[in-house]
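S.K.: Quick note: the sequence shown uses our numbering, first residue 4, plus one each step. Glycine is no exception: its CB is placed at the ideal position from the N, C-alpha and C atoms. Structure below; questions to follow.
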Amino acid sequence: MNKNLIILISTIVSLAVYFLLPVDKGILKGLAILIFVAVLWFTEALPITVTALLVPILAVLTGIFDVKDALSHFANPVIFLFLGGFALAAALHKHGLDRLIAGYIMKAAGANSLLSVLGLFASTALISMWISNTATTAIMLPVALGLIANIKDSSTSTEEFILLGVAYAASIGGIGTMVGSPPNAITAANLGMDFRDWLSVGVPFVLILMPIMVLVLYLVLRPKLPKGGVAADGGLGQIAIDKNTYKLAAIFGVTVVLWIFSGPISSRLGIEKEFDSIVAILAIFMLVVSGTIKWKEIERFTDWGVLLLFGGGIVLSAVLSETGASKFLADLVRDHLSIHGPFPLILGSVMFVILLSEFASNTATAAIMVPIFLVLGQETMQDSPEAIALSVGIAASCGFMLPVGTPPNALVFGTERVRQRSMIKAGLCLDIACGIVITLVSYFFFR
């Protein structure tokens, strides 16, 4: 559909909502902005970053915020945390430390084909915790293809098992840390979680979902992996190690330790909140001062659009909260789902977001849905109001069914070795499995 037509339709629908619905005008302002932005985000009629920049403009023009308040959200500490993550990822990639780690894992698997494949999946998930899912898949895809080439008589189903496993492992691994995937940071910002808080939730989910992913792919695709075979590390274990590699390893290690133990360390220093973001900025400083990486290299590697998208998403969350629109929408959902109890409510919310993430950016999905479901949780689950929002934030990373669902899906599909029907079949089963697991964990452990 023509982008101008989409913009026109979204404008007409938003204005119709504002002028025709018998609801408080403050709420209608929030709903109109939400609908306009959501349509543009989900259809990608405009680049999603450009749409994100519209949010503060609309918030100011409608009188919800003044200019200073609207733009202050673009300085949210979580944005600086993610900037530090980009800097670390740039340095890891420049010096090949990510590939070196993957190479050691692959070598440890030995010559057994099954162990080599599992090592490939594990190293993909591990790397994806620290650099983007897309970059991780791009790094590991040549390794996967090399492994396929070294497996004698590999069938189509075996190739699909390995390639889809890499894509899905990148998406699942990204759940592990706050800097692993944008939806994590958006969810954490809404819930007031720090790096350690998210780690305590994200890593267990990775450990649970990874075996489930392997099992689902195995049952659906029935790969034929011979007991023998040559493990190929694609040259990952042949990265040259120099003094900058050791400096980077030290800086990376110190940063992770400071993030993990941010609570007691920040208390000793008298810093009450957002210590993780200070650590991220310190990491950038140490990387540049040590000569490990140049600022221009960080500039080139950083996805500035994602950072602006964060800002727009946080402004939208504030708009929905300020106008009461999030409470209004939460009440609608509660009236239709909560009568059946908390389990169907969580399951329905999670499955809806997973379905949505198949067609829309997972970042945009999280930015829109997390604030709404946070209010829903506050109204329906007094014991743990954050459970639904946290579940929805994690579910936003679980679009496994379509090539357009995530960049890793698109990358492996682009090899032309994965049939679309295989991705749909395996992805649908994994979507359902992940939805059920996320719901069960949320219901029994987050409440």
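Alpha carbons only, please: which of F448, K428, T258 and T295 is nearest the one belonging to G87?
M.R.: Along the sequence shown, read from residue 1 onward, the residue named residue 87 stands at position 84. The candidate whose alpha carbon is nearest that of G87 is T258.
S.K.: Where A92 and T54 are concerned, what is the direct C-alpha to C-alpha distance, given to the nearest angstrom?
M.R.: By one-based count along the sequence shown, residue 92 stands at place 89. By one-based count along the sequence shown, residue 54 stands at place 51. In a straight line, the C-alpha of A92 is about 26 Å away from that of T54.
S.K.: Considering only C-alpha positions, which residue in the set M216, F39, L57 and V42 is nearest to F313?
M.R.: For the purposes of this step, residue 313 is identified with residue 310 of the sequence shown, where counting begins at 1. Among M216, F39, L57 and V42, the Cα nearest to that of F313 is on L57.
S.K.: Could you check if L310 is buried or exposed, using at least 16 other CB atoms within 10 Å of its CB as the buried criterion?
M.R.: What you label residue 310 is simply residue 307 of the sequence shown in a count that begins at 1. Buried, because 16 or more other Cβ atoms sit within 10 Å of the Cβ of L310.
S.K.: Contact check, V282 vs W262 under 8 Å by CB: the rounded distance?
M.R.: For the purposes of this step, residue 282 is taken as the residue at position 279 of the sequence shown. For the purposes of this step, residue 262 is taken as the residue at position 259 of the sequence shown. With a Cβ gap of about 6 Å, V282 and W262 count as contacting.
S.K.: Would N7 be called buried (16 or more neighbouring beta carbons within 10 Å of its own) or exposed?
M.R.: For the purposes of this step, residue 7 is taken as the residue at position 4 of the sequence shown. By the 10 Å Cβ count, N7 comes out exposed.
S.K.: Any contact of the region 169 to 183 with the region 124 to 133, i.e. 3+ C-beta pairs under 8 Å?
M.R.: The region 169 to 183 vs the region 124 to 133: in contact.
S.K.: What is the rounded straight-line gap between the Cα of I104 and the Cα of S126?
M.R.: Counted from its first residue, the sequence shown places residue 104 at position 101. Counted from its first residue, the sequence shown places residue 126 at position 123. Approximately 7 Å between the Cα atoms of the pair.
S.K.: Would you grab the beta carbon distance between G316 and I397 for me? Rounded to a whole angstrom, and I think it's under 8 Å.
M.R.: Along the sequence shown, read from residue 1 onward, the residue named residue 316 stands at position 313. Along the sequence shown, read from residue 1 onward, the residue named residue 397 stands at position 394. About 16 Å; that fails the 8 Å criterion.
S.K.: Can you say whether R102 is buried or exposed, counting buried as having 16 or more other CB atoms within 10 angstroms of its CB?
M.R.: Here residue 102 refers to the residue found at position 99 of the sequence shown. Its Cβ being crowded by 16 or more others within 10 Å, R102 is buried.
S.K.: Going by CA-CA distance only, name the one from A390, S17 and A172 that's closest to P410.
M.R.: Counted from its first residue, the sequence shown places residue 410 at position 407. Among A390, S17 and A172, the Cα nearest to that of P410 is on A172.
S.K.: Just the Cα atoms here: how many angstroms apart are F278 and S265?
M.R.: Within the sequence shown, the letter at position 275 stands for residue 278. Within the sequence shown, the letter at position 262 stands for residue 265. Their Cα atoms are separated by approximately 7 Å.
S.K.: Where does W201 sit, in a helix, a strand or coil, going by DSSP?
M.R.: For this step, residue 201 is matched to residue 198 along the sequence shown. Three-state DSSP puts W201 in a helix.
S.K.: Please classify T368: does DSSP put it in a helix, a strand, or coil?
M.R.: Here the question's residue 368 lines up with position 365 in the sequence shown. Correct three-state label for T368: helix.
S.K.: Thinking C-alpha only, which one of S320, S360, S394 and V373 is nearest P345?
M.R.: Counting from 1 along the sequence shown, the entry for residue 345 is found at position 342. Residue S394 is the option with its Cα nearest to P345.
S.K.: What separation, rounded to the nearest whole angstrom, lies between the Cα atoms of L84 and K227?
M.R.: Counting from one through the sequence shown, the residue named residue 84 turns up at place 81. Counting from one through the sequence shown, the residue named residue 227 turns up at place 224. About 43 Å.
S.K.: Please state whether DSSP places D334 in a helix, a strand or coil.
M.R.: Counting from one through the sequence shown, the residue named residue 334 turns up at place 331. Here D334 sits in helix by DSSP.
S.K.: If you run the structure through DSSP and keep just helix, strand and coil, what is S352?
M.R.: For this step, residue 352 is matched to residue 349 along the sequence shown. It is helical.
S.K.: May I have the straight-line CA-CA distance separating R424 from I10, to the nearest angstrom?
M.R.: Against the sequence shown, residue 424 aligns to sequence position 421. Against the sequence shown, residue 10 aligns to sequence position 7. Straight-line Cα distance between these residues: approximately 33 Å.
S.K.: I need the straight-line Cα distance from F447 to I441, nearest angstrom please.
M.R.: In the sequence shown, residue 447 corresponds to position 444, counting from 1. In the sequence shown, residue 441 corresponds to position 438, counting from 1. Distance between the alpha carbons of F447 and I441: 10 Å.
S.K.: Below 8 Å, can you find three or more Cβ-Cβ pairs linking the region 30 to 38 to the region 286 to 300?
M.R.: No, because fewer than three Cβ pairs between the region 30 to 38 and the region 286 to 300 fall closer than 8 Å, the two stretches do not touch.
S.K.: Can you say whether K97 is buried or exposed, counting buried as having 16 or more other CB atoms within 10 angstroms of its CB?
M.R.: Stepping through the sequence shown from its first residue, residue 97 is reached at position 94. When all chains shown are included, K97 counts as buried.
S.K.: Ordered along the chain, which non-local residues of its own chain (more than five positions away) have a Cβ less than 7 Å from that of T2?
M.R.: Within the shown structure, residues of the chain are numbered from 4 to 450, placing residue 2 beyond reach of any answer.
S.K.: Would you check if the distance between the CB atom of G402 and the CB atom of I357 is smaller than 8 Å?
M.R.: Locating residue 402 in the sequence shown gives position 399, where the first residue counts as 1. Locating residue 357 in the sequence shown gives position 354, where the first residue counts as 1. Cβ atoms of G402 and I357: closer than 8 Å.
S.K.: Does any residue of chain B have a CB that is nearer than 8 Å to the CB of V336?
M.R.: The chain inventory of the structure shown lacks chain B, comprising one protein chain alone.
S.K.: Taking the CB atoms as reference points, tell me whether S400 and S184 lie closer together than 8 Å.
M.R.: Here residue 400 refers to the residue found at position 397 when the sequence shown is read from its first residue. Here residue 184 refers to the residue found at position 181 when the sequence shown is read from its first residue. In contact: S400 and S184 (Cβ atoms closer than 8 Å).
S.K.: F416 lies in the alpha helix (DSSP H); which residues open and close that run?
M.R.: Translated into the one-based positions of the sequence shown, residue 416 becomes position 413. P410 to F416 is the span of the alpha helix (DSSP H), which, as asked, contains F416.
S.K.: Excluding the five sequence neighbours on either side, which residues of its own chain have a C-beta within less than 6 Å of the C-beta of F331, listed in chain order?
M.R.: The residue you call residue 331 lines up with position 328 of the sequence shown. Closer than 6 Å at Cβ, skipping near neighbours: I30.
S.K.: Which same chain residues end up closer than 8 Å to E162 when comparing Cβ atoms and leaving out the 5 residues on each side of it in sequence?
M.R.: Position 159 of the sequence shown, counted from the first residue, corresponds to residue 162. Here the set comprises I151, R420 and V421.
S.K.: Between the alpha carbons of I349 and K297, how many angstroms are there, rounded?
M.R.: Residue 349 sits at position 346 when you count from the first residue of the sequence shown. Residue 297 sits at position 294 when you count from the first residue of the sequence shown. Approximately 46 Å between the Cα atoms of the pair.
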